[in-house]
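First the structure, in the form of structure tokens, and then the observations on it.
In my numbering, the protein residues as written are 140 to 252.
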């Protein structure tokens, strides 16, 4: 658990800019919640939700005027990760560069630890 606290999740400038753009059509105070749940072709997958409430055990990441929340359970799988946003020939998507993921699927949304 100390490794998670020493290496929290980070958000890139590109991701913060894209989140800010998404939130322009949402209610004041809306935040992006990133979580890990079972599923996908590799066993675990990332889930993205827009929320207006923060839980007491959330890690709140503030970057360029936006807030990204990660719950304590998901943080166990995401400690040290970087949330990024890519826009290339394959399309636009949030990408999580997770140092704990040992395998992933072709679509990039599920992983194995």
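Virtual Cβ for every residue (Gly too), placed ideally from N, Cα, C.
Looking only at 236, 209, 202 and 229, the smallest Cα-Cα distance to residue 158 is reached by 202. Taken in chain order, the whole beta strand (DSSP E) runs of length 3 or more contained in the stretch 169-216 are 170-177, 183-190, 198-202 and 205-209.
Classified as buried, residue 218 has 16 or more neighbouring CB atoms from the shown chains inside 10 Å of its CB. For the options 171, 221, 182 and 176, the alpha carbon positioned closest to that of residue 206 is the one of 171. Residues of the same chain with a CB within less than 7 angstroms of the CB of residue 197, apart from the 5 flanking positions on each side, are 208, 209 and 210 in chain order. With contacts defined by Cβ atoms closer than 8 angstroms, residue 234 and residue 223 form a contacting pair.
The residue from 199, 153 and 173 with its alpha-carbon nearest to that of residue 226 is 153.
C-alpha of residue 236 to C-alpha of residue 166: approximately 29 angstroms in a straight line. Annotation: residue 215 to residue 176 spans about 12 angstroms, alpha carbon to alpha carbon.
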